[in-house]
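Here the structure comes first, spelled out in structure tokens, and everything after it is commentary.
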Amino acid sequence: MAAGECGVEDEVASLIDLAIQLRKHNLSPAEAKAGGRLLGRLWSLGVDEKDLEAYTNRLYIESRKTDLRPRELIQAAQRLLTLKKKTGKTYQAIQSEYENLSKEEERLKERVQNLRKELNQMLREKNTTTQLLEEYTKTRDQLKSHGLDISDLNKAVTLLKNLKESNYNPTTIIQTLTRIESLEREENQLNLHINKLKKDLRGSKERNIRNKFRTQQKQVTTRRSQQAKITRIQPTETRKPREHCQRHSSLKRNKTRKRNREVLHGHREDI
């Protein structure tokens with residue numbers, strides 16, 4: 089009986105001590121129950137009670153360091169464990185492989201940057217080559233328009249050097265030659281314009297002479313018509329003197345027409 093009472097007293101003492109500890113750590117009986125269940129689970133997983141505090145502290149520190157909640161750290165550990173089972177590699181091997189891949193990634197990034205620099209340099213050189221080719225083509229076409237060949241450039245350069253050594257300014261000479269060429273083009277255009285004006289002038293003179301000749305013919309025809317009317321109405325005795333006057337007028341008209349034809353022929357020869 090005394091032994092039973094002693095056992096009860098021990099349990100009561102344990103409960104009193106538990107209540108004191110719960111109050112001291114500000115824990116409720118329900119929280120204490122949950123903690124006991126968790127501890128039992130850890131023991132079943134082989135976690136030693138001596139390492140439990142260090143384990144939980146490490147878990148908390150890592151979660152703060154990586155800005156991850158403990159649940160997320162546990163999930164990451166589970167994925168790592170799954171990867172270990174899938175590949176058959178240890179954690180250390182996986183970590184080493186990851187580090188090597190990270191280094192290879194950095195090396196590839198640096199290589200990509202170098203390749204981009206080389207590409208940009210090649211594009212700049214290509215643009216320069218294209219520009220030089222365009223300038224060469226333009227120079228060749230300009231020389232060809234003046235009846236020269238690209239092989240004559242050396243001769244031209246030698247000539248300019250000699251002129252420069254003789255105290256002549258090559259730039260001034262080139263400008264002068266260019267100006268002369270421009271003046272020659274203007275002269276050719278003016279000659280074409282003058283020839284066109286001469287042609288228009290010849291046509292204008294011929295039209296004026298033809299119009300003048302037609303006018304004179306009309307005047308002669310009008311006079312003849314008037315004289316014929318007058319002849320028909322004159323008496324018989326006055327017709328003979330009149331006929332004499334008509335013959336005289338006819339001779340005069342013939343001379344006038346002949347002179348007009350000579351004038352017209354002379355104008356055409358002048359033109």
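Here our numbering = 1-based position in the sequence shown + 88.
Positions of the beta carbon are idealized from the N, C-alpha and C atoms, including for glycine.
CB of residue i within 9 Å of CB of residue j, strictly
| i | j | result |
| --- | --- | --- |
| residue 179 | residue 172 | yes |
| residue 127 | residue 119 | no |
| residue 110 | residue 102 | no |
| residue 203 | residue 182 | no |
For residue j and residue i, the rounded distance between their alpha carbons
| i | j | result |
| --- | --- | --- |
| residue 150 | residue 156 | 8 Å |
| residue 307 | residue 300 | 11 Å |
| residue 147 | residue 114 | 23 Å |
| residue 185 | residue 194 | 14 Å |
| residue 245 | residue 225 | 18 Å |
| residue 197 | residue 131 | 48 Å |
| residue 105 | residue 99 | 10 Å |
| residue 159 | residue 166 | 11 Å |
| residue 188 | residue 220 | 48 Å |
| residue 191 | residue 201 | 16 Å |
| residue 235 | residue 287 | 32 Å |
| residue 268 | residue 260 | 12 Å |
| residue 283 | residue 276 | 11 Å |
| residue 271 | residue 216 | 36 Å |
| residue 213 | residue 227 | 21 Å |
| residue 309 | residue 273 | 54 Å |
| residue 279 | residue 304 | 37 Å |
| residue 207 | residue 223 | 24 Å |
| residue 141 | residue 177 | 29 Å |
| residue 311 | residue 302 | 14 Å |
| residue 296 | residue 281 | 22 Å |
| residue 209 | residue 199 | 15 Å |
| residue 122 | residue 107 | 16 Å |
| residue 164 | residue 139 | 21 Å |
Boundaries (first-last residue) of the alpha helix (DSSP H) holding residue i
| i | result |
| --- | --- |
| residue 144 | 137-153 |
| residue 125 | 117-132 |
Pick from the options that is closest to residue i, judged by C-alpha positions
| i | options | result |
| --- | --- | --- |
| residue 162 | 176, 177 and 143 | 143 |
| residue 266 | 230, 218, 208 and 282 | 230 |
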